[in-house]
Each structure stands twice: as structure tokens, then as C-alpha cells.
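Using my numbering, read the sequence shown as starting at 158 and increasing by one per residue.
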Amino acid sequence: MSTHTRQKKYIVTVVVAALIVVGIVSAYLIPTQTTLTIIPITQEEQERNEALGIAQRYIVTSPTFAFDGDINTLDVEYIGSAESFPPQYMFTMAFDSSHGGYGNREGQMLTQAITHHKMDIIVSEGNVISAVTDKTWDEINHQYVLKQKLPSSNEQTEYFDEKVTDYQSLLVALKSRGLEVKETEEINDSVFAVPIKVLSVAGMDLQVYEFGSESITNEAIQVVSSDGTEIGSSVIRWIDEPHFYSQGKIIVQYIGHNPEMLSVLDSLLGNQFAGM
């Protein structure tokens, strides 16, 4: 075979190999024709997503979270929707705060403790209609939620229509309103020289001082300033609004501003004799 013939066969072989390489590369580089399938979103899903956005925007401005909430700990869970018209969408949002307590605590004495919270938010018609933190604090109305415990079928509620005169009658009177009442502790050291009996009523604390007689109780009342910030020679800076009530042999102290709790105390013990 001549040298010229061998060169022609070599050139043909190179050309064929190049065509094969181009074909292989084209198979990878030239996109194949595909069909994009779009799954339609239902109106309910769209409304739920919009409600989620409203809830997320709300929580960062809510009093408790805005004060000291950590955005890095925020976790959102969709609970469901209520069978109502208009529909109501429910979310639970968990987060950590740098301090204890609820709401805007500017100027209050704060506990330096990382506190975990869960806020239940309900959205309807583009608005947040309910936001409650730890089932305790109403973010919208800036007040504690008055928790009630309904009696079970085998549990009877004591009827009470008498006058509160002492600690035991106060317990009966509170329970007769369907409120959850727990005796949490007794503290021997107090400004009135009698033990403090601490009650948890609907999740809020009441301090009860019981004296030996009504006359001794009246003497104790006289040492409390009209705004409740001074008791005898002690000047006290309360973490919230102080309210003092008295009936019979007891003085009842409530530190807070929940209107429902104040209404219960007014109805059982009359008007406060000191406080804000």
C-alpha cells in the first residue's frame, strides 16, 4: 500500500472518530424536550399560606416576642382550621425569651433566665383574632387569661352565696365560681407578722393573710398606704399593680391588672381598700 493511500485511510478514521465524539457530547449538552407538570394549588391551601404569613408577621410585633424574643429559636407549627365561616386558621409558634414574664416588661424587675414560650395564634379574614402565650397571656388585650376548670360529671361544685369571712370561706367562694384553685405554699415571713397563704387562682397568684380577729385585721389595714406601695415602714416596689382587699379576718393581696380577676375579687370582697 502506498504512503498516500495510508494517509487517506488515517484521515477518514480520524473524521469518523470526531463525529462519534461530537454525537456523544451533543447527547449530553442538547436538552431534551420535557413536559413541566404544575400541580395546581387549591383555594384552601392558598388561604392557609396567606394566614401563615399573617401569623409570622404578627408574632415579631407581639408584646412578649418583641420585648426579648429570639428570632433564631422561632418554630412554626400549623395546627389546623376550625369548621366555621369565615374559616379560622390556627398556628402554634414556639420561641425563647431572654427573661421571664409576658408582654412589654419595660421598667419591671426581670428574672435573667431563658424562658421557652408557645404562642397560639388564630387568623381569620386576614387578621389575627387571638394570640395567647402559654395559655396564660393575652397578647392582643395585654392581660392574663382567666383560666377556668369545668367540673367533671362526678365532681360537684360547692354552692356559695354567703359572705367571705376567713380563708376557708374564700376557698369555697372561689371554687364556686368554677375557677381552678390550688393552695401552693405558706410563707411564714411577712410584713403583717402572720403567715402568707399563697393561692393559684386561674393561673394567677393571690396572697392571703388571715388574722385572729376582725379587730386585728382592721389594725393591719391602717398601716397600708392608699396606693399599696408602703406597708408600715416598708416601701415596696411591686412588679405590677398592687391591689389589697379585706373581709372579715383576712387581707387578700393581688399583684396584677387582669380585669376578670379584679372583677371576681370585687364581687367577693367588695372594693379594694388600697392599691392602684
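Glycine included, C-beta positions come from ideal geometry on N, C-alpha and C.
Burial state of residue i (16 or more Cβ within 10 Å)
i	result
Thr341	exposed
Ser424	exposed
Arg205	buried
Ile216	buried
Gly432	buried
Gly427	exposed
Gln325	exposed
Lys406	buried
Ile187	Confidence at Ile187 is low in this model, with a pLDDT of 47, below 50, so the placement of that residue is unreliable and no value is reported for it.
Ile393	exposed
Gly385	buried
Ala270	exposed
Ser421	For the sequence presented, residue 421 should be read as Val rather than Ser. Buried is the call here.
Val285	buried
Ser403	buried
Gln429	buried
Ala184	With a pLDDT of 48 at Ala184, under the threshold of 50, the modelled position of this residue cannot be trusted; read the value that follows with caution. Its Cβ having fewer than 16 others within 10 Å, Ala184 is exposed.
Ile211	buried
Glu234	exposed
Val381	buried
Leu327	buried
Ile376	Looking at the sequence shown, residue 376 is not Ile but Glu. Classification for Glu376: exposed.
Glu202	exposed
Glu343	exposed
Ser391	exposed
Glu296	buried
Sheet register partners of residue i (DSSP bridge)
i	result
Asn284	Ser281
Asp295	Val289 and Gln300
Asp253	His273
Pro399	Ile412
Asp232	Ala251
Ser237	Just to set this straight, residue 237 is Gly in the shown sequence, not Ser. DSSP, once it has assigned bridges, lists Met247 as partnering Gly237.
Ile407	Glu367 and Gln404
Glu342	Val355
Val437	With the chain represented from 158 up to 433, any question about residue 437 goes unanswered, as that position is not in the structure.
Met361	Val358
Ala431	Phe401
Gly210	DSSP lists no partner for Gly210.
Gly226	Ser254
Cβ distance (whole Å) where residue i is taken to contact residue j below 8 Å
i	j	result
Ala154	Met250	Within the shown structure, residues of the chain are numbered from 158 to 433, placing residue 154 beyond reach of any answer.
Val348	Ile388	5 Å
Val358	Leu336	6 Å
Thr290	Tyr259	6 Å
Thr272	Gly360	Their Cβ separation, rounded to whole angstroms, is 16 Å, which puts Thr272 and Gly360 out of contact at 8 Å.
Contact with chain B by residue i, beta-carbon distance below 9 Å
i	result
Ile216	Of the chains in the structure shown, none is chain B; there is only one protein chain.
**OP:** Give a yes or no on contact between the stretch 405 to 418 and the stretch 294 to 303, applying the rule of three or more CB pairs nearer than 8 Å.
**Re:** yes
Meets three-Cβ-pair contact criterion under 8 Å: the stretch 400 to 410 and the stretch 274 to 292: Contact fails between the stretch 400 to 410 and the stretch 274 to 292, because fewer than three Cβ pairs, one in each stretch, are under 8 Å apart.
If we count Cβ pairs, one from each stretch, closer than 8 Å, do we get three or more for the stretch 206 to 224 versus the stretch 253 to 269? yes
For the stretch 227 to 244 against the stretch 367 to 378, do three or more pairs of beta-carbon atoms, one drawn from each stretch, fall closer than 8 Å, so that the two count as touching? no
- Pair every Cβ in the stretch 396 to 404 with every Cβ in the stretch 345 to 355, then say whether three or more of these pairs are closer than 8 Å. no
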